[in-house]
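Below is one structure; the comments refer to it alone.
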Amino acid sequence: MTEHENTPESADSVAPSLHAAETPNDDTARSTGRGFLVITGAKLWFMLTGAVIQLGLPIFLGSPEKFGVFKIVTESISLLNMVMITGTLQAVSKMVSEQPLAARRVVHQAMKLQLALGVPIAAAYALGSPWIAEQFNDPSLTPYIRVSSLIVLAYAFYAIFIGYFNGTKAFVAQATMDIVFSTLKMLLLVGLVLLGFGVMGAVVGFAMAAGIVCVISGVWVWRVMAREAAKPDAAEVSITEEQSPKAALKRLLGYLVLIMLYTFALNGLMRADLFMLKRIASEVPPHLVGAEAVFNSLSSKFAGLYGAALNIARIPYMGVIAVTFVIFPLISASTFAEDRERTKAYIHDTFRYCLLLIASVGGLLALNSDAIITGLYATAYQQAAPALAILSVSIIFFALYYVATTIIIGAGRPGVAVVIMTLSMLLSGALNYVFIDNLHEANVEQITWTPEVAAPADTAQGAVYAAIEIAQNRNDLAGPYLLKAPEYMTAAATATTIAMLFGFLLSLAWLWRTYRAGLPPATLARVMAALAILGGANYFLTLPSQWVLEFGKIGFLAIVAVKMGVMGLLFLGILFALREFGPKDLARVKAVIGKK
Numbered sequence: 004m005t006e007h008e009n010t011p012e013s014a015d016s017v018a019p020s021l022h023a024a025e026t027p028n029d030d031t032a033r034s035t036g037r038g039f040l041v042i043t044g045a046k047l048w049f050m051l052t053g054a055v056i057q058l059g060l061p062i063f064l065g066s067p068e069k070f071g072v073f074k075i076v077t078e079s080i081s082l083l084n085m086v087m088i089t090g091t092l093q094a095v096s097k098m099v100s101e102q103p104l105a106a107r108r109v110v111h112q113a114m115k116l117q118l119a120l121g122v123p124i125a126a127a128y129a130l131g132s133p134w135i136a137e138q139f140n141d142p143s144l145t146p147y148i149r150v151s152s153l154i155v156l157a158y159a160f161y162a163i164f165i166g167y168f169n170g171t172k173a174f175v176a177q178a179t180m181d182i183v184f185s186t187l188k189m190l191l192l193v194g195l196v197l198l199g200f201g202v203m204g205a206v207v208g209f210a211m212a213a214g215i216v217c218v219i220s221g222v223w224v225w226r227v228m229a230r231e232a233a234k235p236d237a238a239e240v241s242i243t244e245e246q247s248p249k250a251a252l253k254r255l256l257g258y259l260v261l262i263m264l265y266t267f268a269l270n271g272l273m274r275a276d277l278f279m280l281k282r283i284a285s286e287v288p289p290h291l292v293g294a295e296a297v298f299n300s301l302s303s304k305f306a307g308l309y310g311a312a313l314n315i316a317r318i319p320y321m322g323v324i325a326v327t328f329v330i331f332p333l334i335s336a337s338t339f340a341e342d343r344e345r346t347k348a349y350i351h352d353t354f355r356y357c358l359l360l361i362a363s364v365g366g367l368l369a370l371n372s373d374a375i376i377t378g379l380y381a382t383a384y385q386q387a388a389p390a391l392a393i394l395s396v397s398i399i400f401f402a403l404y405y406v407a408t409t410i411i412i413g414a415g416r417p418g419v420a421v422v423i424m425t426l427s428m429l430l431s432g433a434l435n436y437v438f439i440d441n442l443h444e445a446n447v448e449q450i451t452w453t454p455e456v457a458a459p460a461d462t463a464q465g466a467v468y469a470a471i472e473i474a475q476n477r478n479d480l481a482g483p484y485l486l487k488a489p490e491y492m493t494a495a496a497t498a499t500t501i502a503m504l505f506g507f508l509l510s511l512a513w514l515w516r517t518y519r520a521g522l523p524p525a526t527l528a529r530v531m532a533a534l535a536i537l538g539g540a541n542y543f544l545t546l547p548s549q550w551v552l553e554f555g556k557i558g559f560l561a562i563v564a565v566k567m568g569v570m571g572l573l574f575l576g577i578l579f580a581l582r583e584f585g586p587k588d589l590a591r592v593k594a595v596i597g598k599k
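Residues in the sequence shown are numbered consecutively from 4, following the working numbering.
Put into structure tokens, the structure is as follows:
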């Protein structure tokens with residue numbers, strides 16, 4: 004649906020966590036569980052198409068530097084994209100799920116609101132593109148950023164239509180649009196790059212996909228609402244003062260602003276490390292004045308390497324998004340009805356199953372980071388392997404953190420989620436700045452370099468030799484600096500992990516104080532034991548890097564996949580042996596997939 008790298012928005016958790024207090028044959032368990040399944044299917048397709056984009060672009064664009072430029076531009080636009088898509092989606096979904104008979108009115112008011120907010124924001128982003136590029140010390144980013152503002156405009160309205168589907172529990176329609184968007188984005192983005200349009204082609208392809216899917220979803224929603232309005236009982240809906248257009252707009256605006264602030268903080272937390280890495284790594288110290296082009300190029304390369312690690316590490320987060328799409332209306336409805344016990348059951352079971360899925364995937368990524376990087380990317384990307392191992396752990400905290408704050412928002416307390424997420428974002432920004440800046444200052448002090456000044460050449464051959472000398476002179480600077488790339492990326496990953504753990508603990512504490520529900524301690528202990536055993540087993544299952552040459556990248560990746568599959572089965576086997584799973588879990592699965 005969106006760029007949920009980010010989005011960059013699942014686990015086996017939703018189906019079992021639907022109604023802990025009810026029998027496994029409960030209708031809601033079936034309907035919402037199936038909703039989870041179709042959205043998960045769409046997310047799997049999103050992950051597949053995203054893999055084509057993120058794994059293919061480093062090859063198609065030809066260098067980590069160009070991929071780094073693409074990553075910076077798309078991650079920057081995602082700050083606003085996700086504000087538009089997630090903020091508006093959750094706001095509309097909440098209003099529609101609480102008062103489904105007023106859904107048409109909610110959509111109309113949301114459209115008016117986005118005309119007043121979304122359009123000016125997109126225009127401001129386009130006009131401010133030179134200033135944004137300046138923050139990264141790289142003016143060459145300006146045209147890419149300006150074109151990407153069209154994506155903000157499309158997302159502003161697309162989010163309304165997806166929010167309508169989510170709030171009415173039309174999960175199949177929501178998943179369909181997810182698939183359409185993912186497919187269009189892959190075809191247009193990769194297609195334009197292959198046609199030779201480079202980074203600009205990738206950005207334009209993204210914008211085209213967003214615009215097309217916005218129109219398709221809008222027409223679909225309008226047709227659905229027209230059918231609903233034509234039903235005989237639709238005319239019997241009375242409009243109270245609270246449901247009047249003016250009141251609906253006021254209520255939606257207040258909620259939407261809080262959700263957007265939360266979403267901005269969330270995405271700022273996800274991107275602070277990449278942005279700080281690009282900005283600080285491109286800073287030129289006084290004694291190296293004249294090397295701006297070298298530092299810009301290398302900082303883009305750092306961003307490309309780190310961005311590749313982020314793409315892999317965010318896989319568990321991609322999965323958990325399907326959980327929030329389904330659990331959000333359920334939490335909203337139960338708290339709206341003041342059903343405290345059901346809310347408590349949702350929280351407990353959702354955390355349990357999310358932890359089981361996220362820890363298994365994140366743990367496997369962390370233990371196999373070297374092999375994954377070696378198999379997926381070119382040799383240059385192997386410098387990102389240490390950062391990937393750390394990021395794979397941090398994303399476990401973040402995915403659970405995201406679920407926790409989504410529950411808090413669904414419970415009608417978006418202000419609490421905003422405060423917690425903002426604190427985490429600020430901590431991440433501060434730690435990344437301190438860690439990376441201190442490292443940068445220490446590294447550049449050790450670099451000595453004198454810029455080569457080309458003498459006027461009398462012949463073409465002389466000009467060529469002069470150009471070669473200048474290039475060699477720049478390589479003399481770039482070589483030692485590039486060797487420090489793993490240190491920069493490790494510093495960024497460490498700072499991010501600390502901030503994400505901090506935020507998760509804060510949100511968990513609030514949920515426990517409010518509902519006496521949270522992460523099941525017994526499940527946490529069993530998961531940690533299982534991961535410890537996996538770590539020991541991994542010591543004897545290390546794959547030699549020379550196998551890449553012997554079996555080729557595809558063959559090596561197949562071996563890595565088999566190894567991770569075996570380790571995944573071992574993880575499940577340990578959990579069964581520790582009695583984490585039981586008959587109750589099996590009954591819940593049957594409730595989801597069983598027939599009436």
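All C-beta atoms, glycine included, are put in the ideal place defined by N, C-alpha and C.
It should be emphasised that the depicted structure is a prediction, and the values quoted were computed from it without experimental measurement.
Beta-carbon proximity check, residue i vs residue j, cutoff 9 angstroms
{"i": "P61", "j": "G307", "result": "yes"}
{"i": "R282", "j": "Q138", "result": "yes"}
{"i": "Y265", "j": "T408", "result": "yes"}
{"i": "L156", "j": "G121", "result": "yes"}
{"i": "I124", "j": "M87", "result": "yes"}
{"i": "L358", "j": "L527", "result": "yes"}
{"i": "A316", "j": "I215", "result": "no"}
{"i": "A655", "j": "G44", "result": "Past the boundaries of the shown model lies residue 655; the chain is included only from 4 to 599, so the question cannot be answered."}
{"i": "V206", "j": "T77", "result": "yes"}
{"i": "M180", "j": "W225", "result": "no"}
{"i": "V55", "j": "M189", "result": "yes"}
For residue i, the three-state DSSP class (helix, strand or coil)
{"i": "M492", "result": "helix"}
{"i": "R226", "result": "helix"}
{"i": "S287", "result": "Note on identity: in this sequence residue 287 is Val, with Ser being the wrong assignment. Reduced to three states, the DSSP call for V287 is coil."}
{"i": "Y158", "result": "helix"}
{"i": "N140", "result": "coil"}
{"i": "A348", "result": "helix"}
{"i": "K587", "result": "helix"}
{"i": "N299", "result": "helix"}
{"i": "Q449", "result": "coil"}
{"i": "V292", "result": "coil"}
{"i": "T408", "result": "helix"}
{"i": "T171", "result": "coil"}
{"i": "Q57", "result": "helix"}
{"i": "L190", "result": "helix"}
{"i": "G415", "result": "coil"}
{"i": "R282", "result": "helix"}
{"i": "R317", "result": "coil"}
CA-to-CA distance, residue j to residue i, given in whole angstroms
{"i": "A268", "j": "R274", "result": "10 angstroms"}
{"i": "M531", "j": "I318", "result": "20 angstroms"}
{"i": "I148", "j": "K69", "result": "14 angstroms"}
{"i": "F278", "j": "P142", "result": "15 angstroms"}
{"i": "G539", "j": "S285", "result": "40 angstroms"}
{"i": "T425", "j": "L434", "result": "14 angstroms"}
{"i": "A232", "j": "G415", "result": "29 angstroms"}
{"i": "R529", "j": "V72", "result": "42 angstroms"}
{"i": "I557", "j": "Y158", "result": "36 angstroms"}
{"i": "I350", "j": "I410", "result": "7 angstroms"}
{"i": "F584", "j": "A533", "result": "13 angstroms"}
{"i": "V396", "j": "T500", "result": "7 angstroms"}
{"i": "Y384", "j": "A496", "result": "16 angstroms"}
{"i": "N371", "j": "A392", "result": "8 angstroms"}
{"i": "V109", "j": "V227", "result": "14 angstroms"}
Burial state of residue i (16 or more Cβ within 10 Å)
{"i": "F507", "result": "buried"}
{"i": "L197", "result": "exposed"}
{"i": "N441", "result": "exposed"}
{"i": "Y309", "result": "buried"}
{"i": "S300", "result": "buried"}
{"i": "W513", "result": "buried"}
{"i": "P586", "result": "exposed"}
{"i": "K46", "result": "buried"}
{"i": "L542", "result": "It should be pointed out that residue 542 corresponds to Tyr in this sequence rather than to Leu. Classification of Y542: exposed, given that the 10 Å Cβ count is below 16."}
{"i": "P417", "result": "buried"}
Min CB distance residue i to chain D below 9 angstroms
{"i": "M98", "result": "Absence of chain D from the displayed structure is noted, only one protein chain being present."}
Along the chain, which unbroken stretches of the alpha helix (DSSP H) at least 4 residues long are found entirely within the stretch 500-547?
-> 524-542
What are the uninterrupted segments assigned as alpha helix (DSSP H) that are 4 or more residues long and contained completely in the stretch 354-391, given in chain order?
-> 372-379
Which runs of the alpha helix (DSSP H) spanning at least 4 residues fall entirely within the stretch 61-146, listed in chain order?
-> 67-85, 91-101, 106-130, 132-138
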